[in-house]
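Below: the structure, in C-alpha cells.
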Amino acid sequence: MSDIKVDQELDCRGLGCPLPVLKTKKAVGTMASGQVLRMVCTDPGSNKDMPSWSERTGNPILKSEEQSGEYIWYVQVK
Amino acid sequence: MAEPKKMALIASKGTLDWAYPPFILASAAAAMDMEVKIFFTFYGLPLLKRKIDAQVSPLGNPAMPMNMPFGPKWFKNINWPIPNALMAGMPGFEGVATGLMKQTFKNNGVASIEELRELCIDVGVTMIACQMTMDVFGFDKKDFIDGIEYAGAANFLDYAADTDIQLFI
Numbered sequence: 001m002s003d004i005k006v007d008q009e010l011d012c013r014g015l016g017c018p019l020p021v022l023k024t025k026k027a028v029g030t031m032a033s034g035q036v037l038r039m040v041c042t043d044p045g046s047n048k049d050m051p052s053w054s055e056r057t058g059n060p061i062l063k064s065e066e067q068s069g070e071y072i073w074y075v076q077v078k
Numbered sequence: 001m002a003e004p005k006k007m008a009l010i011a012s013k014g015t016l017d018w019a020y021p022p023f024i025l026a027s028a029a030a031a032m033d034m035e036v037k038i039f040f041t042f043y044g045l046p047l048l049k050r051k052i053d054a055q056v057s058p059l060g061n062p063a064m065p066m067n068m069p070f071g072p073k074w075f076k077n078i079n080w081p082i083p084n085a086l087m088a089g090m091p092g093f094e095g096v097a098t099g100l101m102k103q104t105f106k107n108n109g110v111a112s113i114e115e116l117r118e119l120c121i122d123v124g125v126t127m128i129a130c131q132m133t134m135d136v137f138g139f140d141k142k143d144f145i146d147g148i149e150y151a152g153a154a155n156f157l158d159y160a161a162d163t164d165i166q167l168f169i
C-alpha cells in the first residue's frame, strides 16, 4: 500500500485537539474529489478522532500509520 | 444529501477553563459537517467581546492541577500541592494561575480562545448573545464582535428543539 499517490500534505505536528481535525477539514475543502491528503500529527487523540471524523464526513481514510510518536493519515476526498 | 446533524450549545461561564469547551466542541462539530449555534448567556457573554480577558480562578476549583509550564518534563509534571485556601486568598494569584494555564496550553499545542473563536466563525458557527443578559449587565454591542445575533430564550429553544445534540456548558 505504499503506492498511494498523495496530492497534498498537511503538517499538524504539535497541535492539540481539535486543531488536527479542523485543519484536515479545511484542507479537504480546498481539494478535488478523489484526491488524497497526507496529514501528520502528534496528537494521540487522533487515533479515535480521525476515524470518527472520517465516518461522519464520509471522507475515507485509505491508510494510517504510527511512526515514533507521529500519526500519519491518508485521507481521500469524497 | 441527508439533513446535516445539528448542535445547540449554551455557554454560561466565562472563565478561561470554561471558555474552551464550547469553542472546541463547536469547531469540531462544524468540521464534522454539523450545523452549530452557541447561545452565550450570563458569564459566558463576555466571550463574545472583541477582547477576551478570561481568567482562571483556583478558588472553587480545588481539583485544578497546578503545574509549571517550563523546565524539564519531570518538573512540568509535578502537581504543586498548594492549599486551595492559600491560593484563593493570595492577591494576584489568579493572574499567575491564568498565565501558567495559558502557557501550559500553548506548550501542548492548544489554540488560544481567540484563535478557536476565529476558527468557529470561519467554519460558520452561529453565535447568539443573550439580549436580556446584555441589558442586565449593561453591556454595549459596540464592545462585541461583528456578525453575531442577539436573541432570547424562546429563540434558542426553537432552534434546540430540532437539534440532535444540546449541551449546557
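Protein chains in written order, with the UniProt record's numbering: chain A, 1 to 78; chain B, 1 to 169. Ideal Cβ placement from N, Cα and C applies to all residues, glycine included.
In its chain, beyond the 5 residues on either side, Leu16, Ala19, Tyr20, Phe23, Leu47, Ile52, Ala54 have a beta carbon closer than 8 Å to the beta carbon of Ile113(B). Our two residues, Thr163(B) and Val36(B), have alpha carbons roughly 9 Å apart in a direct line.
Lys25(A) counts as buried, since no fewer than 16 other beta carbons sit within 10 angstroms of its beta carbon. Following the DSSP letters along the chain, one finds Cys17(A) in no alpha helix (DSSP H), marked with neither H nor E. Residue pairing of Met39(A) in beta bridges, as defined by DSSP: Leu10(A), Trp73(A). Secondary structure note for Ile121(B): its alpha helix (DSSP H) is the uninterrupted segment 113–122. A Cβ-Cβ contact shorter than 7 Å links Thr133(B) with Phe42(B). In this model, Asn108(B) and Lys102(B) are separated by some 10 Å (Cα to Cα). One thing to note: Ala8(B) has its Cβ within 7 Å of the Cβ of Gln166(B). Secondary structure at Phe156(B): helix, using DSSP grouped into helix, strand and coil.
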